[in-house]
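Down below is the structure, laid out as structure tokens.
Here you go:
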């Protein structure tokens, strides 16, 4: 499993291109149109887009990838927020999404996408429908947890935007804290980590 992180230019989220075969890709939170350029440059076919949530700074590259044939997946609770005030596009002067979800995940549901096993971990709090994705490559044993704005290195996502909830986020963090500590964490902003490091050093996870 190869994971390519595309840090943002300006204000946006980390985007991730994930491929098991070097041909087909799953793209997590394509924040900017240049993510499409990187997919093309690498000769990859973007088959699926996974959205941890639909805030404007995580979705700016979705339309281009969808035009190339990618199917957009997120939680059912987040899908209904696309195009609403909760996506923050209007509030921050961003273009409206211009897309809808092609499918949804429920908590604990597993899908086989491009040779990868993708397990959905429902983690509301930053938004009502925030979802983390535990991705595994059964062939090489690779694992990755894409946490969006639920969990960062040393911190967590804010809860004061529409549909956010402190109490829901705390329960979601408890759920993540129970996962295997060796899993690498790929957050929506900032540097990566592992769950073990976050349980030991992140003040929001200590004691959960």
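In our numbering, the protein residues as written are 52 to 259.
Just so it is clear, CB atoms sit at the ideal spot from N, CA and C, and this is done for glycine as well.
Bridge partner(s) assigned by DSSP for residue i
i, result
"residue 134", "Residue 134 pairs with nothing; no bridge assigned."
"residue 152", "Answer is none; residue 152 lacks a bridge partner."
"residue 188", "193"
"residue 17", "Because the chain is modelled from 52 through 259, residue 17 falls outside the range shown and cannot be assessed."
Exposure of residue i, with buried meaning 16 or more beta-carbon neighbours within 10 Å
i, result
"residue 167", "buried"
"residue 97", "buried"
"residue 110", "buried"
"residue 208", "buried"
"residue 185", "buried"
"residue 62", "exposed"
"residue 159", "exposed"
"residue 249", "buried"
"residue 56", "exposed"
"residue 132", "buried"
"residue 257", "exposed"
"residue 87", "buried"
"residue 203", "buried"
Separation of residue j from residue i, as counted between CA atoms
i, j, result
"residue 247", "residue 219", "22 Å"
"residue 253", "residue 99", "31 Å"
"residue 147", "residue 141", "7 Å"
"residue 245", "residue 53", "17 Å"
"residue 75", "residue 157", "24 Å"
"residue 189", "residue 82", "28 Å"
"residue 102", "residue 251", "28 Å"
"residue 79", "residue 221", "23 Å"
"residue 197", "residue 211", "22 Å"
"residue 153", "residue 180", "16 Å"
"residue 161", "residue 122", "16 Å"
"residue 150", "residue 95", "22 Å"
"residue 155", "residue 130", "7 Å"
"residue 125", "residue 139", "17 Å"
"residue 116", "residue 92", "13 Å"
"residue 77", "residue 241", "21 Å"
"residue 187", "residue 169", "7 Å"
Fill in: Any alpha helix (DSSP H) of 4 or more consecutive residues that is wholly inside the region 88–129
113–118
Worksheet item: Going along the chain, which unbroken runs of the alpha helix (DSSP H) with 4 or more residues stay wholly within the region 190–247?
Response: 217–228
Worksheet item: Is there contact here, the region 174–193 with the region 224–235, by at least three beta-carbon pairs under 8 Å?
Response: yes
Practice prompt. Just list the beta strand (DSSP E) runs in the region 154–178, keeping only unbroken ones of 3 residues or longer that don't cross its boundaries, in chain order.
Written response: 154–156, 161–164 and 167–173
Worksheet item: So does the region 162–182 actually touch the region 211–226, counting three or more Cβ pairs closer than 8 Å?
Response: yes
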